[in-house]
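As given, the protein sequences belong to chains Y and V, one line each in that order. 345 is the number of the first residue of the first sequence in the numbering used here; add one for each residue after it. 543 is the number of the first residue of the second sequence in the numbering used here; add one for each residue after it. One structure is given here, and the rest of the page talks about it.
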Amino acid sequence: MRPTASPDRLSLVAGLVLVVLGVVLLLDSAGALDLTFGSMAPIAFGAVGAILLASGLSRGRER
Amino acid sequence: MNSTPDTPLSDPPPPKRFERSSADRLIGGVCGGLGRYFGIDPTLVRIGMVALALLGGTGLIVYAAALVLVPSDGEAAAGPDDSRDRVIAIAIAAVLTIAGCLFGLVGLGWGLGGAVGPIAFLCVAGLAAWWLISGERPSGSPGDVVRRAALGVALLLGCFALAVGSFFASGFGGGVVVASLVIAAGAALVAAAFVGGARWLVLPAVVIALPLAFVSAAGIDLDGGLGERHVRPGTLAEVKDGYRLGAGELVVDLRNVDLPAGDRKLEIGIGTGHAVVLVADDVCVATTASVGMGGVSVFERDGGGIDMDWRDTRRAPAGTPRLVLDGDIGLGLLEVRHSAVAITEPRRRFDPDAIDQRNDACLTRTASRGSGASNG
């Protein structure tokens, strides 16, 4: 791996989204949260949507 | 006397190639290309393709295969990143993958028989998936097509295995570990964003995160074992305070138990599957249940959905035993009935008049029980 001039947008956004999603899931697994479909669905769809958006934007910039 | 033609020899026409039509296309230009190749009206080809799709689904497979294998006549101009074709490939991969998961890739009734249909399905899905991930079109030499199909199939199977592993690990109480893996992958991606080279981590991280999210939302707890469990206590002393099954079918048959007048509490838990509680005709049943995704059916009453809290707290007359049932269902169905035979008649919406016919112990005094404690 070599240093790049600007951060890779897809990796950065996907990484941050996964960290947030993982923390929420960790809290639920540890019993600190009680997730339901009503609360989980927007989080999951939002996470996947953000990653797809970042993927599309970074692909457009690479072209 | 020999004569030679005056007109110069023209170049031989180029060999006829089957290409998807970019000018005459409704979806991917397959029918337009076939019509042009055979010199027939593309509308007739479309009618035939729809007929094949309806008669066993073969038309869908043929169309999908042509879509990913046959190049478009505008491919050279558009380049390999034709966005419309990529969107179609994404849709095909998603539909085929979901269909494969839902139907187990077996017994789809596509009319091709045996394992040919599922294998063809899997290969087309693999090609589409590889196209989506790598950007390499599935056209080219047969060797290239086979290589891309194999890579795509391996990718799909790997994702499926990861998702299944994440589901069971989360269900068996390993949610903390799986969530930690997701956080670690996310942190690695953030770090790699500045040095490059770790985009491949996105797919496996998402694939293990989503099943964990599903398990968390549904509240699925697979502790308690897997498979079928039939419990049939003969005396009151043999009845436990609760029964739990991780995944499968749990049947608790209390019809042989002579429940005394008054309340008797019973907890039923199932991670994913089907739980059935059978009671005698003279037992009144009050039910509360928490359901992640699924339903509850108590005699003639039923309900279903997601994040459902079921409450059916019926009172029983004095001297009548009442079973106070508390269900915890992650993904599945909780049933309470008198008969071991599943009720096959069409379900009716809640009808107060129908209660008497099904669970009349809650409304009428049972003479054989005599007097006793008052319930509720």
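Backbone N, C-alpha and C fix where the C-beta goes; we use that ideal spot for every residue, glycine too. Small disclaimer: the values here were computed from a predicted structure and weren't measured.
CB of residue i within 8 Å of CB of residue j, strictly
i	j	result
Leu873(V)	Ala711(V)	no
Gly766(V)	Gly811(V)	yes
Ser832(V)	Asp870(V)	yes
Gly668(V)	Ala691(V)	yes
Leu876(V)	Ala817(V)	yes
Pick from the options that is closest to residue i, judged by C-alpha positions
i	options	result
Asp854(V)	Ser708(V), Val840(V), Ala860(V) and Ala751(V)	Val840(V)
Pro820(V)	Ile569(V), Val688(V) and Leu808(V)	In the sequence on display, residue 820(V) carries Leu and not Pro. Cα-wise, what sits closest to Leu820(V) is Leu808(V).
Leu697(V)	Trp673(V), Val718(V), Phe709(V) and Val719(V)	Trp673(V)
Ala385(Y)	Leu723(V), Arg559(V) and Asp849(V)	Asp849(V)
Gly842(V)	His772(V), Pro584(V), Arg797(V) and Ser881(V)	Per the sequence shown, the amino acid found at residue 842(V) is Glu instead of Gly. Residue Ser881(V) is the option with its Cα nearest to Glu842(V).
Val706(V)	Arg689(V), Ile750(V) and Phe736(V)	Ile750(V)
Gly570(V)	Ala726(V), Arg559(V), Lys558(V) and Leu602(V)	Leu602(V)
Rounded C-alpha distance that separates residue i from residue j
i	j	result
Gly926(V)	Pro863(V)	Outside the displayed span of chain V (543 to 918) sits residue 926(V), for which this structure offers no information.
Val732(V)	Leu396(Y)	16 Å
Val364(Y)	Leu356(Y)	12 Å
Asp823(V)	Leu801(V)	11 Å
Ala740(V)	Ser399(Y)	14 Å
Thr814(V)	Leu768(V)	9 Å
Val748(V)	Leu568(V)	33 Å
Val719(V)	Ala391(Y)	20 Å
Pro888(V)	Gly700(V)	Model confidence at Pro888(V) stands at a pLDDT of 46, short of 50, so the residue's coordinates are unreliable and nothing is read from them.
Gly837(V)	Leu586(V)	47 Å
Ala922(V)	Val687(V)	Residue coverage of chain V in this structure runs from 543 to 918, which leaves residue 922(V) outside it and unanswerable.
Asp623(V)	Val612(V)	Note on Asp623(V): pLDDT 48, under 50, position unreliable in the model; no value is reported.
Ala828(V)	Ala388(Y)	36 Å
Gly861(V)	Val825(V)	11 Å
Gly694(V)	Leu664(V)	9 Å
Ala730(V)	Gly359(Y)	7 Å
Arg797(V)	Leu787(V)	20 Å
Ala618(V)	Arg562(V)	Bear in mind that a pLDDT of 48 at Ala618(V), under 50, signals an unreliable position, so the number given afterwards is only what the model happens to contain. For Ala618(V) and Arg562(V), the distance between alpha carbons rounds to 12 Å.
Cys904(V)	Gly393(Y)	51 Å
Gly575(V)	Val744(V)	37 Å
Gly621(V)	Gly834(V)	Unreliable positioning characterises Gly621(V) in this predicted model, as indicated by a pLDDT of 45, which lies under 50. The coordinate reading is nonetheless provided below. About 47 Å.
Ala896(V)	Ala779(V)	Model confidence at Ala896(V) stands at a pLDDT of 45, short of 50, so the residue's coordinates are unreliable and nothing is read from them.
Arg353(Y)	Gly382(Y)	30 Å
Leu362(Y)	Ala735(V)	14 Å
Residues that residue i contacts on chain V, provided the C-beta gap is smaller than 7 Å
i	result
Ala358(Y)	Leu731 and Val744
Ala374(Y)	Val718
Ala388(Y)	Leu752 and Ala755
Amino acids of chain V, ordered along the chain, whose beta-carbon sits closer than 8 Å to that of residue i
i	result
Phe381(Y)	Ala759, Ala760, Gly834, Met835, Ile848 and Asp849
Contact set between residue i and chain Y, taken where Cβ atoms lie within less than 8 Å
i	result
Ser722(V)	Gly366 and Leu370
Ile725(V)	Leu362, Val363, Gly366, Val367 and Leu370
Gly685(V)	None at all; the shortest Cβ gap to chain Y is about 28 Å.
Within chain V, partners of residue i - CB distance below 9 Å
i	result
Leu354(Y)	Leu731, Ala735, Arg741 and Val744
Cross-chain neighbours of residue i in chain Y, by beta carbon under 7 Å
i	result
Ala747(V)	Leu362
Gly575(V)	By Cβ distance, chain Y contributes nothing, its closest Cβ being about 28 Å from Gly575(V), past 7 Å.
Residue i: contacting residues in chain A (beta-carbon distance under 9 Å)
i	result
Gly788(V)	Looking at the structure shown, chain A is missing, and the protein chains on hand are Y and V.
Listed in chain order, which residues of the segment 694 to 718 of chain V have Cβ atoms closer than 8 Å to some Cβ of chain Y?
-> Hits within the stretch, in order: Ser712, Gly717 and Val718.
Compile a chain-ordered list of the residues in the segment 859 to 879 of chain V whose CB is closer than 8 Å to at least one CB of chain Y.
-> none
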